[in-house]
Amino acid sequence: MHRDVKPGNVLFRKDGRVVLADFGIAKAMDGSNSSTVAGASIGTPDYMSPEQARGEPVDGRSDLYSLGTVIFEMLTGSPPYQAGDPFTVALMHVTHPVPELPEPYEWLQPLITGLMAKQAGDRYNTGAAFVDALNKLVATAPQGAVLQETSARKAAVGGRIAAGAATQQRTRIRARQHGSRPGWVLPSAAAIVIFALAVSAWWLLSPSPEPAADAPVVTTATTPPESADVALPEDFVLPKAVDAADGEEVERLLNAADQLYEYATKTEIGRKLDHPEDDSALGYYRRALAMDPGNARAIAGIAEVVKFYRTYSYQACERGQWVQCGFLVRKGLAVDDQDPYLRQMQEAARAGEAGETTTLPPAPPG
396 MHRDVKPGNV LFRKDGRVVL ADFGIAKAMD GSNSSTVAGA SIGTPDYMSP
446 EQARGEPVDG RSDLYSLGTV IFEMLTGSPP YQAGDPFTVA LMHVTHPVPE
496 LPEPYEWLQP LITGLMAKQA GDRYNTGAAF VDALNKLVAT APQGAVLQET
546 SARKAAVGGR IAAGAATQQR TRIRARQHGS RPGWVLPSAA AIVIFALAVS
596 AWWLLSPSPE PAADAPVVTT ATTPPESADV ALPEDFVLPK AVDAADGEEV
646 ERLLNAADQL YEYATKTEIG RKLDHPEDDS ALGYYRRALA MDPGNARAIA
696 GIAEVVKFYR TYSYQACERG QWVQCGFLVR KGLAVDDQDP YLRQMQEAAR
746 AGEAGETTTL PPAPPG
């Protein structure tokens with residue numbers, strides 16, 4: 396399994412072949428069939444499956460859900476669910492219905508429904524099953540077109556096409572003389588076919604929903620930061636990578652962590668707080684602590700991240716938003732799985748989701 400299928404991880408080689416890159420999360424899970432680490436949600440919120448958002452065990456069908464979100468964005472230009480913060484986006488994957496395609500792409504809706512069903516058992520069972528469904532749908536569409544060729548793709552500097560190329564490829568089509576398909580049918584279907592075949596290539600290495608015992612060895616591609624389009628503080632400086640503990644580097648890590656914490660709690664709530672692991676407030680605090688065990692500033696920073704999840708989980712539970720409350724509690728427990736307050740909130744959220752009467756603990760101190 397990949398666990399982070401998204402446009403930024405889809406690259407094009409010079410010869411036009413599609414490559415699914417960045418198996419960092421898959422490698423970090425060390426072949427496990429579960430993405431749950433102390434209740435953590437692993438993945439990118441815009442493309443995260445419901446079971447990932449809930450911090451539950453996942454299998455390959457979670458990647459198929461993410462593929463559905465990518466295809467939806469390819470067709471419409473936007474991710475299926477959008478909100479002001481990543482927590483709400485992740486929650487929408489759990490609670491909102493499968494998104495519907497607009498005209499003229501609504502004839503492809505069965506594919507989106509089969510990929511993005513909220514329950515994994517209602518999705519295509521394998522990538523091969525999806526490709527078969529795609530081919531049958533295109534072949535039997537009442538008004539179809541014949542794909543002749545794809546336009547040449549320009550290579551980016553260094554021999555790679557830009558990560559956003561998946562949504563920028565142009566397709567030339569020619570309608571049959573006696574024609575059964577108009578020109579609107581496959582401007583994007585060609586991209587879907589190419590992308591689906593690329594995904595199925597690695598997927599077929601493990602045709603069942605269970606992941607392969609040996610994860611494929613893939614060279615991790617360098618992609619732009621996940622939130623490159625988000626304006627960070629003007630004085631934000633990314634710390635340099637070093638091998639040995641160094642007082643200056645610890646200071647840079649702590650400064651970066653403090654700035655991202657400030658950003659995540661005051662500018663764009665939750666963004667860059669604890670995800671991605673290598674470019675977030677929590678990630679930098681932990682790196683500083685690894686280099687300087689016992690560093691009081693790093694310990695205090697991590698405690699502030701836990702405090703953030705205490706506060707927001709309490710607010711969600713107080714409003715009766717039990718699913719969102721449980722999601723935030725699990726995020727907090729992923730930072731500190733022994734936090735007594737979050738454990739109380741976990742039980743309250745569980746009872747609330749089950750429709751049971753529950754009593755919340757007092758609000759956490761401000």
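Position in the sequence shown (first residue = 1) + 395 = our numbering.
Glycine included, each C-beta is placed from N, C-alpha and C at the ideal position.
- Contact annotation, Tyr442 with Ser461: C-beta distance approximately 4 Å; criterion of less than 8 Å satisfied.
- In the three-state DSSP reduction, Val493 falls in the coil class, being neither helix nor strand.
- Collapsing the DSSP output to three states places Val484 in a helix.
- Short of 6 Å from the beta carbon of Gln739, and not among the five residues preceding or following it, lie these beta carbons of its own chain, in chain order: Pro756.
- For Leu648 and Gly689, the gap between their C-alpha atoms comes out near 15 Å.
- Boundaries cannot be given for Val453, as no beta strand (DSSP E) includes it and DSSP labels it neither H nor E.
- Assignment of beta-bridge partners to Phe407 by DSSP yields Val413.
- Of the candidates Pro481, Asp669 and Pro402, the residue whose Cα lies closest to the Cα of Met469 is Pro402.
- Ala711 and Cys720 have their alpha carbons spaced roughly 5 Å apart.
- Straight-line spacing of the CA atoms in Asp669 and Thr439 works out to 12 Å.
- In the structure shown, the three-state DSSP call for Glu643 is helix.
- For Leu529, the three-state secondary structure derived from DSSP is helix.
- Cβ contact annotation for Pro759 (same chain, cutoff 8 Å, sequence separation greater than five): Lys702, Arg705, Thr706, Tyr709 and Tyr736, in chain order.
- Assignment of Tyr656 by DSSP, reduced to helix, strand and coil, places it in the helix class.
- Of all alpha-carbon atoms in Val400, Gly522 and Gly678, the one lying nearest the alpha-carbon of Asp653 is that of Gly678.
- Linking Leu655 to Lys667 through their CA atoms gives a straight-line distance of about 6 Å.
- Taken through DSSP and simplified to helix, strand or coil, Ser675 comes out as coil.
- For Arg692, the uninterrupted alpha helix (DSSP H) segment begins and ends at Ala691 to Glu713.
- Secondary structure of Glu501 (DSSP, three-state): helix.
- Sixteen is the threshold: when 16 or more other Cβ atoms of the shown chains lie within 10 Å of the Cβ of Asn404, as they do, the residue is buried.
- Annotated three-state conformation of Glu663 is coil, per DSSP.
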